[in-house]
Amino acid sequence: MPCITVNIIEPGELEITNLTATQNEYEIGKNVVVKVTVKNTGGTLVTKTLSIYVNGTVATAQQIYLAPGQEKTYDMPIPTTFTSKAGSIQICADIK
9 MPCITVNIIE PGELEITNLT ATQNEYEIGK NVVVKVTVKN TGGTLVTKTL SIYVNGTVAT
69 AQQIYLAPGQ EKTYDMPIPT TFTSKAGSIQ ICADIK
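My numbering puts the first residue of the sequence shown at 9, with every later residue one more than the last.
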């Protein structure tokens with residue numbers, strides 16, 4: 009009886025390993041530059057959308073592709089035009 013052997017691998021899974029801003033203060037009208045490091049911890053190529061949220065609202069998004077084991081840092085500029093006054097904002101990242 010003929011037989012074959014195949015390997016079963018974990019599906020691709022993306023994990024955010026680091027989220028930083030290039031500086032702590034920005035002037036209104038200037039871009040906030042966020043750096044997001046993402047790693048594929050699974051065994052297959054993954055294509056998903058990396059989204060940056062400002063105060064709970066999507067400010068920017070980018071389609072990303074990572075091979076198994078690959079880690080990459082993405083620069084995500086966010087215009088400060090979403091606010092017209094000085095103060096603090098909350099920046100979050102998510103992958104879907």
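Note that beta-carbon positions come from the ideal geometry of N, C-alpha and C, so glycine has one too.
Candidates the options: closest to residue i by CA position
i    : options                : result
D102 : T68, S96, L53 and Q78  : T68
N26  : V14, G51 and E79       : E79
G50  : P85, T13 and P19       : P19
L53  : Q70, G64, I16 and G77  : G77
T89  : N39, V14, I16 and T28  : N39
V72  : K104, I16, I99 and G95 : Looking at the sequence itself, residue 72 is Ile, so the reference to Val does not match. Residue K104 is the option with its Cα nearest to I72.
T81  : V46, I99, G95 and K93  : V46
Residue i, buried or exposed, once every other Cβ within 10 Å from all chains shown has been counted against 16
i    : result
V66  : exposed
V155 : One cannot answer for residue 155 here, as it falls past the ends of the chain, which runs 9 to 104.
I97  : exposed
I86  : buried
L74  : buried
M9   : exposed
N63  : exposed
V42  : buried
Three-state class that DSSP yields for residue i in the structure shown
i   : result
K13 : Reading off the sequence, residue 13 comes out as Thr, not Lys. Coil, per DSSP.
T28 : strand
T49 : coil
Those residues which DSSP pairs with residue i across a bridge
i    : result
I103 : L58
K43  : T28 and D83
Between the stretch 50-61 and the stretch 30-37, do three or more beta carbon pairs fall short of 8 angstroms?
no
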